[in-house]
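For reference, the structure is listed below as structure tokens.
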Amino acid sequence: MPEGPSIIILREEVMQFEGHKIFSASGSAKIDMDRIAGKKLLSFKTWGKNFLICFSGFTIKIHLLMFGVYLINKRKKLEPKLSLVFDNGELNFYTCSVKLLEGDLNQYYDWTADIMNENWDSKAAKKKLEEIPQKMICDALLEQDIFSGVGNIIKNEVLYRVKVHPESLIGKIPKPKITEIIKENIIYSFQFLDWKRKNELAKHWLAYSQKTCVRCNLPFVKKDTGLKKRASFFCNHCQKLYE
DNA sequence: TATAATGTTTGAAC
DNA sequence: AGTTCAAACATTAT
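Counting from 86, one number per residue, gives the positions in the first sequence under the working numbering.
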């Protein structure tokens, strides 16, 4: 369900609860629920795919993983991992990872690595890529310490747009091309956000889960690539392999 | 019914 | 000691 842009939407949808007191906190997550009940929810933040619920002195970190779901003022039959009840409604999370982070959030997160954050820093990303010339670009794009928020859809769409083969080695890709990849990453991520809001994300896929290249009409290759072995959809003819 | 899918962490194995 | 890898988690649609 979630790549970075989807978590931005999640945050927008729950803004109504910011500043409100928690009446009760419950669920199957192995955290101390007593820490939350009665406290005032200061703010919601996001870092890539991490959804952050901030309180004075600590933060609840939610990661929706592959199948995570959240419901606002609704419940499933299934017991939630975390359920927060406010004076103006409730927020329920299912099938996700829930953790409690103590203290200052800044000690956990590098905000310049989050593609959706205002502090995103392309130069910092470029520097990090230079340190791993032997890695494949398909793996690097999924590296959350470099491109926090990028997932398999964004990876595939970006590489198709810039015409780079997913198994290309970072050190062999020309510098201007690296710059282009980073730039396109940001451009596509915000288009993802836009299209997701309009509920038309899949309509615009040119690579992800596609069968044919719209540029040359040849069949796409589907292959688990890199050390991460995540599915890549690409055109052998249009996407150049740097090796 | 088996499979695959927008993901990460953990700990064993090498 | 550092890396690699499979397992675990869990849900829904095809």
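Cβ coordinates follow ideal geometry from the N, Cα and C atoms, glycine included.
Residue i versus the options, residue with shortest Cα-Cα distance
i: Gln219; options: Glu103, Val306, Lys257 and Cys139; result: Lys257
i: Pro259; options: Ala209, Ala110 and Glu215; result: Glu215
i: Asn177; options: Leu169, Lys184 and Glu328; result: Leu169
i: Asp172; options: Ile138, Leu149 and Ala110; result: Ala110
i: Leu163; options: Gly112, Ala210, Gln192 and Ile217; result: Gly112
i: Lys134; options: Ala210, Leu95 and Ala114; result: Leu95
i: Asp117; options: Leu167, Thr131 and Thr197; result: Leu167
i: Gly89; options: Val299, Lys212, Asn270 and Asn302; result: Asn270
Burial state of residue i (16 or more Cβ within 10 Å)
i: Asp199; result: buried
i: Asp119; result: exposed
i: Lys314; result: exposed
i: Asn284; result: exposed
i: Glu98; result: exposed
i: Lys159; result: exposed
i: Gly104; result: exposed
i: Gly123; result: exposed
Cutoff 8 Å; reference residue i; Cβ partners in own chain excluding five residues on either side
i: Met221; result: Pro251, Glu252, Ser253, Leu254, Ile255, Thr310, Gly311 and Leu312
i: Asn204; result: Trp196 and Thr197
Contacts around residue i, its chain only, beta-carbon distance under 6 Å, and the 5 residues preceding and following it disregarded
i: Ser207; result: Ile267
i: Leu244; result: Pro251
Simplified DSSP assignment, three categories, for residue i
i: Tyr273; result: helix
i: Asp189; result: coil
i: Val235; result: coil
i: Phe305; result: coil
Cutoff 7 Å; reference residue i; Cβ partners in own chain excluding five residues on either side
i: Ala316; result: Asn237, Lys307 and Asp309
i: Gln229; result: Gly133
If we require 4 or more residues per run, which alpha helix (DSSP H) segments fall completely within the stretch 146–178?
If we require 4 residues or more, the stretch 146–178 turns out to have no alpha helix (DSSP H) run fully inside it.
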